[in-house]
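S.K.:
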Ligand code: AHM
Ligand code: MG
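Numbering (full-length UniProt numbering), first residue to last: 3 to 338.
Below, the structure written as structure tokens:
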């Protein structure tokens, strides 16, 4: 059909969020405004990441520093962009970023009811070789914005209202859940808009891929070691699973959501809490996994039931297809 050559009914991310919010009679558009500021930050980072190689060579226009100082690292720059965008949205009260030791309390004059926890540029060690990296975020809401303490963000992940990530890969992909399923959007660079390309993402019930840093195997606990052994040498006649590990959480999770399987960053003898951070890595990804029909387990409990005691707490994490995570749970249950 000639008429189909151009799609004329574009489901942008803003339109999608407005649709979702219109089901809530109390919604006043604040969430839509907040999200559009997160999206702006992601577009900025996307453009900066795409130019990262060039910037090193020739410097980016407008970024040449009069003092001749070294250019800001991309993760620091991204963090500044997100903090400023979120504060200026007028919809936030507390921000927690992987890049900042302390939480940011927004000035009362600009305060809104949302708390945003985020990792502005996760996997940044991968920038120099062009591997996909991403931004991860989670959103909470406070009851009383005039009376906020850090406890507002030291909440179980199940209290999050929304979570998502943006992956800066061969294309720029934004994956979002506000508690009723997961949707994926791809940036159309000519429009500067994210257009829905992956409606209602559901993770396959069982997968054929496992994803882990096997270099840590010597220090794993029993159940993790048993599970990975099972992936490689299944005893039930099934085929072994394939190993895929990018070392960039957003990219590893994105593949897991679409193709199924498991992603694990388990505890090891040197790091009893694993590596990944509860608030802005484990929780948002766990939220998305559950919303897509998968599971998220810490080795002890449902990940979203964790209650962090500090903003930068870590936790072991097993994320993925429902049936695969059931197997891991069974191995941990057999241990005790
Ligand atoms: P970062 O926040 O310092 O970038 O580290 C997080 C990254 C994740 O993206 C990834 O899953 C993990 O670290 C990889 O760690 P490792 O190199 O130990 O396998
Ligand atoms: Mg990180």
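Backbone N, C-alpha and C define an ideal beta-carbon position, used for all residues, glycine too.
Closer than 6 Å: is that where the CB of residue 124 sits relative to any heavy atom of the ligand MG?
M.R.: Counting from one through the chain shown, the residue named residue 124 turns up at place 122. Checking the Cβ of residue 124 against the ligand MG gives yes.
S.K.: Mapping DSSP to helix, strand and coil, what is residue 314?
M.R.: For this step, residue 314 is matched to residue 312 along the chain shown. Residue 314 falls in the coil class under three-state DSSP.
S.K.: Tell me whether the beta-carbon of residue 319 lies closer than 7 Å to the beta-carbon of residue 305.
M.R.: Reading the chain shown from its first residue, position 317 is the one you call residue 319. Reading the chain shown from its first residue, position 303 is the one you call residue 305. Contact flag set, yes.
S.K.: Assign residue 105 to buried or exposed, taking buried as 16 or more other Cβ atoms, counted over all protein chains shown, within 10 Å of its Cβ.
M.R.: Translated into positions along the chain shown, residue 105 becomes position 103. The residue is buried, with at least 16 neighbouring Cβ atoms inside 10 Å.
S.K.: Does the Cβ of residue 121 lie closer than 6 Å to at least one heavy atom of the ligand MG?
M.R.: The count along the chain shown starts at 1 and reaches residue 121 at position 119. Yes, the Cβ of residue 121 comes within 6 Å of a heavy atom of the ligand MG.
S.K.: On the three-pair Cβ rule with 8 Å, is the stretch 217 to 235 touching the stretch 285 to 295?
M.R.: No, because fewer than three Cβ pairs between the stretch 217 to 235 and the stretch 285 to 295 fall closer than 8 Å, the two stretches do not touch.
S.K.: List the whole-angstrom C-beta distance separating residue 294 from residue 203, where the pair is believed to meet the contact cut-off of C-beta under 8 Å.
M.R.: Taking the first residue of the chain shown as position 1, residue 294 is located at position 292. Taking the first residue of the chain shown as position 1, residue 203 is located at position 201. Indeed they touch by this definition, with Cβ atoms about 5 Å apart.
S.K.: Going straight from the alpha carbon of residue 32 to that of residue 93, what length do you get?
M.R.: Within the chain shown, the letter at position 30 stands for residue 32. Within the chain shown, the letter at position 91 stands for residue 93. Going by the C-alpha atoms only, they are around 7 Å apart.
S.K.: So residue 122 packs on residue 84, CB below 8 Å; how close in whole Å?
M.R.: Taking the chain shown and counting its residues from 1, the one referred to as residue 122 is at position 120. Taking the chain shown and counting its residues from 1, the one referred to as residue 84 is at position 82. Indeed, because the Cβ distance is near 5 Å, the residues count as touching under 8 Å.
S.K.: Please confirm whether any heavy atom of the ligand MG lies closer than 6 Å to the CB of residue 100.
M.R.: The count along the chain shown starts at 1 and reaches residue 100 at position 98. At least one heavy atom of the ligand MG is nearer than 6 Å to the Cβ of residue 100, so yes.
S.K.: Hey, out of 136, 153, 311 and 144, whose CA is closest to residue 51's CA?
M.R.: As a first step, residue 51 must be located in the chain shown, where it is residue number 49. Measuring from the Cα of residue 51, the nearest candidate turns out to be 136.
S.K.: Going straight from the alpha carbon of residue 81 to that of residue 101, what length do you get?
M.R.: Here residue 81 corresponds to residue number 79 of the chain shown, with the count starting at 1. Here residue 101 corresponds to residue number 99 of the chain shown, with the count starting at 1. Going from the Cα of residue 81 to the Cα of residue 101 covers about 7 Å.
S.K.: In the DSSP assignment, what are the bridge partners of residue 297?
M.R.: Position 295 of the chain shown holds residue 297. BP columns for residue 297 point to 322.
S.K.: Below 8 Å on the Cβ atoms is my contact criterion, and I expect residue 197 with residue 165 to pass it. Report the Cβ-Cβ distance as a whole number of Å.
M.R.: Taking the chain shown and counting its residues from 1, one reaches residue 197 at position 195. Taking the chain shown and counting its residues from 1, one reaches residue 165 at position 163. The Cβ separation is near 21 Å, so there is no contact.
S.K.: Should residue 248 and residue 323 be called a contact, given that it needs their Cβ atoms to be closer than 7 Å?
M.R.: Position 246 of the chain shown, counted from the start, is the residue given in the question as residue 248. Position 321 of the chain shown, counted from the start, is the residue given in the question as residue 323. No, the pair does not count as a contact, with Cβ atoms beyond the cut-off.
S.K.: Output the distance between the C-alpha atoms of residue 167 and residue 252, rounded to the nearest integer angstrom.
M.R.: Locating residue 167 in the chain shown gives position 165, where the first residue counts as 1. Locating residue 252 in the chain shown gives position 250, where the first residue counts as 1. Their backbone Cα atoms lie some 7 Å apart in a straight line.
S.K.: Can you tell which of 151, 143 and 291 has its C-alpha closest to the C-alpha of residue 265?
M.R.: For the purposes of this step, residue 265 is taken as residue 263 along the chain shown, with counting starting at 1. Out of 151, 143 and 291, 291 has the C-alpha closest to the C-alpha of residue 265.
S.K.: Can we count residue 81 as close to the ligand AHM, meaning its CB is less than 6 Å from some heavy atom?
M.R.: Mapped onto the chain shown, residue 81 falls at position 79. Residue 81: no, Cβ never under 6 Å from the ligand AHM.
S.K.: Determine the extent of the alpha helix (DSSP H) in which residue 229 is found, giving its start and end residues.
M.R.: One-based indexing of the chain shown puts residue 229 at position 227. Taken as a continuous stretch (DSSP letters only), the alpha helix (DSSP H) holding residue 229 covers 224 to 234.
S.K.: Span of the beta strand (DSSP E) holding residue 98?
M.R.: Residue 98 sits at position 96 when you count from the first residue of the chain shown. Residues 94 to 99.
S.K.: Is the separation between the beta-carbon of residue 255 and that of residue 297 shorter than 7 Å?
M.R.: Your numbering for residue 255 matches position 253 in the chain shown. Your numbering for residue 297 matches position 295 in the chain shown. Not in contact: residue 255 and residue 297 (Cβ atoms no closer than 7 Å).
S.K.: Under 6 Å from any heavy atom of the ligand AHM, does the C-beta of residue 215 make it?
M.R.: Counting from one through the chain shown, the residue named residue 215 turns up at place 213. The answer is yes for residue 215.
S.K.: Using a Cβ-Cβ cutoff of less than 8 Å, which residues in the same chain neighbour residue 329 once the five nearest sequence positions on both sides are dropped?
M.R.: If you number the chain shown from 1, residue 329 lands on position 327. Excluding residues within five positions, the ones whose Cβ falls inside 8 Å are 229 and 232.
S.K.: Span of the alpha helix (DSSP H) holding residue 282?
M.R.: Position 280 of the chain shown holds residue 282. Where residue 282 is concerned, there is no enclosing alpha helix (DSSP H), given that its DSSP letter is neither H nor E.
S.K.: Do you know offhand how far residue 67's Cα is from residue 195's?
M.R.: Residue numbering aside, residue 67 sits at position 65 when the chain shown is read from its first letter. Residue numbering aside, residue 195 sits at position 193 when the chain shown is read from its first letter. Only weak support is given to the placement of residue 67: the predicted model assigns it a pLDDT of 48, under 50, and the value that follows is read from those uncertain coordinates. So the alpha carbons of these two residues sit roughly 31 Å apart.
S.K.: Quick one, are the C-beta atoms of residue 316 and residue 275 less than 7 Å apart?
M.R.: Indexing the chain shown from 1 puts residue 316 at position 314. Indexing the chain shown from 1 puts residue 275 at position 273. Cβ atoms of residue 316 and residue 275: closer than 7 Å.
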